[in-house]
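Participant: So that we are looking at the same thing, I have put the structure below in structure tokens.
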Amino acid sequence: MSTNESDKTATLNKFEKIKAEKDGLAIKDELEHFAQIGWEAMEKSDLEHRLKWVGVFYRPVTPGKFMLRMRIPNGILSSNQLQVLAEIVQRYGADGNADITTRQNIQLRGVRLEDIPDIFRRLDAVEMTSVQSGMDNVRNITGSPVAGIDGDELIDTRELVQKVQDMITNHGEGNYTFSNLPRKFNIAIEGGRDNSVHAEINDIAFVPAYKDGQLGFNVLVGGFFSAKRCEAAVPLNVWVAPNDDVVDLCRAILIVFRDKGSRANRQKSRLMWLIDELGIDKFRSMVEQEFGRNLATAAEKDEIDWEKRDCIGIYQQKQPGLNYVGLHVPVGRLYAQDMFDLAQLASVYGSSEVRLTVEQNVIIPNIADDNLQVFLTEPLLEKFSIKPRPLERALVSCTGSQFCNFALVETKNQAMAIAQQLDAELDLPKSVRIHWTGCPNSCGQPQVADIGLMGTKVRKDGKTVEGVDLYMGGKVGKDAQLGTCVQKGIPCDEVNTVLKRILIENFGAKPSQQLQG
Numbered sequence: 001m002s003t004n005e006s007d008k009t010a011t012l013n014k015f016e017k018i019k020a021e022k023d024g025l026a027i028k029d030e031l032e033h034f035a036q037i038g039w040e041a042m043e044k045s046d047l048e049h050r051l052k053w054v055g056v057f058y059r060p061v062t063p064g065k066f067m068l069r070m071r072i073p074n075g076i077l078s079s080n081q082l083q084v085l086a087e088i089v090q091r092y093g094a095d096g097n098a099d100i101t102t103r104q105n106i107q108l109r110g111v112r113l114e115d116i117p118d119i120f121r122r123l124d125a126v127e128m129t130s131v132q133s134g135m136d137n138v139r140n141i142t143g144s145p146v147a148g149i150d151g152d153e154l155i156d157t158r159e160l161v162q163k164v165q166d167m168i169t170n171h172g173e174g175n176y177t178f179s180n181l182p183r184k185f186n187i188a189i190e191g192g193r194d195n196s197v198h199a200e201i202n203d204i205a206f207v208p209a210y211k212d213g214q215l216g217f218n219v220l221v222g223g224f225f226s227a228k229r230c231e232a233a234v235p236l237n238v239w240v241a242p243n244d245d246v247v248d249l250c251r252a253i254l255i256v257f258r259d260k261g262s263r264a265n266r267q268k269s270r271l272m273w274l275i276d277e278l279g280i281d282k283f284r285s286m287v288e289q290e291f292g293r294n295l296a297t298a299a300e301k302d303e304i305d306w307e308k309r310d311c312i313g314i315y316q317q318k319q320p321g322l323n324y325v326g327l328h329v330p331v332g333r334l335y336a337q338d339m340f341d342l343a344q345l346a347s348v349y350g351s352s353e354v355r356l357t358v359e360q361n362v363i364i365p366n367i368a369d370d371n372l373q374v375f376l377t378e379p380l381l382e383k384f385s386i387k388p389r390p391l392e393r394a395l396v397s398c399t400g401s402q403f404c405n406f407a408l409v410e411t412k413n414q415a416m417a418i419a420q421q422l423d424a425e426l427d428l429p430k431s432v433r434i435h436w437t438g439c440p441n442s443c444g445q446p447q448v449a450d451i452g453l454m455g456t457k458v459r460k461d462g463k464t465v466e467g468v469d470l471y472m473g474g475k476v477g478k479d480a481q482l483g484t485c486v487q488k489g490i491p492c493d494e495v496n497t498v499l500k501r502i503l504i505e506n507f508g509a510k511p512s513q514q515l516q517g
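full-length UniProt numbering puts the first residue of the sequence shown at 1, with every later residue one more than the last.
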């Protein structure tokens, strides 16, 4: 090794050194071997890091029981695909369940390493993949949850999202071109007017905009959350037509990020840090050079002019005589039977299609008018309501300490219990978005919520207990903005009282008439 190469290696962070030893994607060819020797015999960097390149996550809090993160572009899957996922988690009994994520995705829990080769064969048979869904890769690509069925949509995002995923993952086979980015990367393509994908928190976001009478996308770049910094995406001053230019622009930005992004300090390796270093104009110039042709300047304004919709309830589609129904899935948690039931309902009443939202809920589209009333009598709708109470309706939660070793607090069960109690105690004029996240990694996205709660440890009565930092001011839809931390170190057993006061003082809540009566 030359002196220059030695110096360069010395400046790499721990994760970059692991990747320099062996590309994470190379793990794909070793899965059969790992299944035979067992997780306890695996080399540590393979077990704890490289498995994530194929979507398999070792969790120290549940040793021997892994999480499997899928790729579900635009959050759309077939009944058959959902049934296969249900069969996978069913195998693991009490340990098996699934979570809908804030990226329209599904994570399976309780999976055993010895089953991974067979699971991957079953996923391949229904054209599903988990490749490149973790670590320094492009995460699940989000799009409008009502793409192709919303009468008010501007651009159908489904095909574009699939094309971008196929480019990045080599049609699900794995792509070494993009398997070694400096850090994780998020892409979203919005097709409607309400910013359903939270464009502002993505590394690349495409939002509808008219330029010279033609409908296409303005492009935003650099949005991200991390423990050290949170930033909203900024305009790239680029407009692209809704065609393969979207795919090519994603490729160009990823290549610039791959080749120029910092690999020294992992806390300063997201795309926005590179944009800060270069300046937006130079960054745009480098992207244009990689793109290989002139990029049009952005349209003067975008078409995000609606407040955010959550898609819960019954809605007429643009196809005459058809409806989509949004079901509320409390904090996104699904069990095997839930998944079987959802798959069956979509097959019997719809078109064998199920959609996921970034609010961790489910949409069943293409239900005929004649079948709608019978559909609404199905027992599953008692659990997954179309008319949830205001706080439960907009509640979002990350996995929490039950399954995630990064989380500092338990989130899902605690979030549901507090929301249910406050819904019973208060009458609210409208839904209030409360997001829980177990740690500063912000998977639960507290910065985009009306009220955000981030897990931490606090001292109370001389003891260390679970607590939260309080965020407020997040806004979604048009004029989206990130919230900020307004109070630190609230013990979890005081959260109910704090939230009750905030809901009354800031959101017009009043003590429940039922309780008063």
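Quick reminder that beta carbons are idealized off the backbone N, C-alpha and C, glycines included.
Taking DSSP as the reference, what is the three-state secondary structure of P446?
Facilitator: Reading the sequence shown from its first residue, position 446 is the one you call residue 446. In the structure shown, P446 sits in a helix (DSSP, three-state: H, G or I).
Participant: Taking the alpha helix (DSSP H) that D118 falls in, what are its first and last residues?
Facilitator: The count along the sequence shown starts at 1 and reaches residue 118 at position 118. Segment 116-125, the alpha helix (DSSP H) holding D118.
Participant: My assumption, with CB atoms under 8 Å, is that G474 sits in contact with V448. Please give the rounded CB distance.
Facilitator: On the sequence shown, residue 474 is found 474 positions in, with the first residue counted as 1. On the sequence shown, residue 448 is found 448 positions in, with the first residue counted as 1. So it is a contact: roughly 5 Å between Cβ atoms.
Participant: Nearest to P235 by alpha carbon, out of N218, D276, Q373, N186?
Facilitator: Sequence index remark: in the sequence shown, residue 235 carries index 235 (1-based). Nearest C-alpha to P235: N218.
Participant: Taking 7 Å as the cut-off, does the CB of K387 come closer than this to any heavy atom belonging to the ligand MN?
Facilitator: With respect to the ligand MN, the structure offers nothing, as it holds no ligand at all.
Participant: Where do the N-terminal and C-terminal ends of the beta strand (DSSP E) with M67 fall, by residue?
Facilitator: Within the sequence shown, the letter at position 67 stands for residue 67. Note, M67: beta strand (DSSP E), 66-69.
Participant: Classify I37 as buried or exposed, calling it buried when 16 or more other Cβ atoms lie within 10 Å of its own Cβ.
Facilitator: For this step, residue 37 is matched to residue 37 along the sequence shown. Exposed is the call here.
Participant: Since T464 is in the beta strand (DSSP E), which residue starts that stretch and which ends it?
Facilitator: Taking the sequence shown and counting its residues from 1, the one referred to as residue 464 is at position 464. Per DSSP, T464 belongs to the beta strand (DSSP E) from 463-472.
Participant: Drop a sphere of 10 angstroms on the beta-carbon of D136, count the other beta-carbons inside from all chains shown, and report buried for 16 or more, exposed for fewer.
Facilitator: Translated into the one-based positions of the sequence shown, residue 136 becomes position 136. Per the 10 Å Cβ criterion, buried.
Participant: Quick one, are the C-beta atoms of residue 520 and L470 less than 8 Å apart?
Facilitator: Any question about residue 520 goes unanswered here, given that the chain covers just 1 to 517.
Participant: For R121, count the other beta carbons within 10 Å of its own beta carbon; 16 or more makes it buried, fewer makes it exposed. Which is it?
Facilitator: Position 121 of the sequence shown, counted from the start, is the residue given in the question as residue 121. By the 10 Å Cβ count, R121 comes out exposed.
Participant: Between P440, V465, G444, N80, which lies nearest to A415 when the distance is taken from Cα to Cα?
Facilitator: If you number the sequence shown from 1, residue 415 lands on position 415. It is G444 whose Cα lies nearest to the Cα of A415.
Participant: Give the DSSP bridge partners of K457, in chain order.
Facilitator: Taking the first residue of the sequence shown as position 1, residue 457 is located at position 457. DSSP output for K457 lists E466 as bridge partner(s).
Participant: When DSSP labels each residue in this structure, what does S6 get in the three-state scheme?
Facilitator: Start at 1 with the first residue of the sequence shown, and residue 6 comes out as number 6. Note that S6 scores 40 on pLDDT, short of 50, meaning its location in the model is unreliable; the coordinates nonetheless yield the value given after this. Residue state, collapsed to three classes: helix.
Participant: Just the C-alpha distance for E303 and I312, rounded to the nearest angstrom, thanks.
Facilitator: Within the sequence shown, the letter at position 303 stands for residue 303. Within the sequence shown, the letter at position 312 stands for residue 312. Using only the alpha carbons, I get a separation of about 23 Å.
Participant: One question on the structure: do E368 and S79 come within less than 8 Å of each other, judged by their Cβ atoms?
Facilitator: Start at 1 with the first residue of the sequence shown, and residue 368 comes out as number 368. Start at 1 with the first residue of the sequence shown, and residue 79 comes out as number 79. The amino acid at residue 368 is misidentified as Glu; the sequence shows Ala. It is not a contact, given that the beta carbons lie outside the stated cut-off.
Participant: Would you mind reading off the limits of the beta strand (DSSP E) that contains P235?
Facilitator: Here residue 235 refers to the residue found at position 235 of the sequence shown. 234-240 is the extent of the beta strand (DSSP E) around P235.
Participant: Does DSSP classify F206 as helix, strand or coil?
Facilitator: Working through the sequence shown from its first residue, we reach residue 206 at position 206. It is a strand residue.
Participant: Near F283, which residues of its chain fall below 6 Å by C-beta distance, leaving aside the five closest residues on each side in sequence?
Facilitator: Locating residue 283 in the sequence shown gives position 283, counting from the first residue. Contacts found: I275.
Participant: Could you pull out every residue in the same chain whose Cβ sits closer than 7 Å to the Cβ of G517, ignoring the five residues on either side in sequence?
Facilitator: For this step, residue 517 is matched to residue 517 along the sequence shown. Below a pLDDT of 50, predicted positions are generally treated as unreliable, and G517, at 47, falls in that range; the measurement from the model is reported next regardless. So the list is empty, once near-sequence residues are dropped.
Participant: For the putative contact between E32 and P117, defined by C-beta atoms under 8 Å, what is the C-beta separation to the nearest angstrom?
Facilitator: Position 32 of the sequence shown, counted from the first residue, corresponds to residue 32. Position 117 of the sequence shown, counted from the first residue, corresponds to residue 117. Going by Cβ atoms, the distance from E32 to P117 rounds to 5 Å, so yes, they are a contact pair.
Participant: DSSP on Y92, reduced to helix/strand/coil?
Facilitator: One-based indexing of the sequence shown puts residue 92 at position 92. Coil, per DSSP.
Participant: Buried or exposed, going by whether 16 or more other CB atoms sit within 10 Å of the CB of Q267?
Facilitator: Working through the sequence shown from its first residue, we reach residue 267 at position 267. Flag for Q267 reads exposed.
Participant: How would you write the range of the beta strand (DSSP E) that S78 sits in, first residue to last?
Facilitator: For the purposes of this step, residue 78 is identified with residue 78 of the sequence shown, where counting begins at 1. Here the beta strand (DSSP E) through S78 covers 76-78.
Participant: Per DSSP, which one or two residues make a beta bridge with T142?
Facilitator: The residue labelled residue 142 in the question sits at position 142 within the sequence shown. By DSSP's assignment, T142 forms a beta bridge with A188.
Participant: Can you name the start and end residues of the alpha helix (DSSP H) that V325 belongs to?
Facilitator: By 1-based counting over the sequence shown, the position of residue 325 is 325. DSSP places V325 in no alpha helix (DSSP H) but in the uninterrupted beta strand (DSSP E) bounded by 322-327.
Participant: R71 and S144: beta carbons closer than 8 Å?
Facilitator: Taking the sequence shown and counting its residues from 1, one reaches residue 71 at position 71. Taking the sequence shown and counting its residues from 1, one reaches residue 144 at position 144. Cβ distance not < 8 Å, so R71 and S144 don't count as in contact.
Participant: Quick check: the Cα distance between N13 and S45, rounded to an integer number of angstroms?
Facilitator: Here the question's residue 13 lines up with position 13 in the sequence shown. Here the question's residue 45 lines up with position 45 in the sequence shown. Their Cα atoms are separated by approximately 14 Å.
Participant: Would you list the residues sitting across from T497 in a DSSP beta bridge?
Facilitator: Position 497 of the sequence shown, counted from the start, is the residue given in the question as residue 497. Bridge partners of T497: none, in fact.
Participant: Would you kindly work out how many angstroms separate the C-alpha atoms of Q337 and E353, rounded to a whole number?
Facilitator: On the sequence shown, residue 337 is found 337 positions in, with the first residue counted as 1. On the sequence shown, residue 353 is found 353 positions in, with the first residue counted as 1. Approximately 17 Å, taken between the alpha carbons.
Participant: If you follow the beta strand (DSSP E) that I100 is part of, which residue opens it and which one closes it?
Facilitator: Looking up residue 100 in the sequence shown gives position 100. Element bounds for I100: 97-100.
Participant: If you follow the beta strand (DSSP E) that R355 is part of, which residue opens it and which one closes it?
Facilitator: Locating residue 355 in the sequence shown gives position 355, counting from the first residue. Per DSSP, R355 belongs to the beta strand (DSSP E) from 353-356.
Participant: Nearest to N237 by CA position, among F34, R263, A188, E288, is which residue?
Facilitator: As a working mapping, residue 237 is identified with position 237 in the sequence shown. It is E288.
Participant: Among V54, V146, I502, whose alpha-carbon lies nearest the alpha-carbon of Q317?
Facilitator: As a working note, residue 317 is residue 317 in the sequence shown. Nearest C-alpha to Q317: V146.
Participant: So, at 8 Å on beta carbons, what are the nonlocal neighbours of L408 in its own chain, with the 5 sequence-adjacent residues on each side left out?
Facilitator: The residue labelled residue 408 in the question sits at position 408 within the sequence shown. So the qualifying residues of the chain are S401, G438, C439, G455, T456, K457, E466.
Participant: Could you check if Q513 is buried or exposed, using at least 16 other CB atoms within 10 Å of its CB as the buried criterion?
Facilitator: Walking along the sequence shown from the start, residue 513 turns up at place 513. When all chains shown are included, Q513 counts as exposed.
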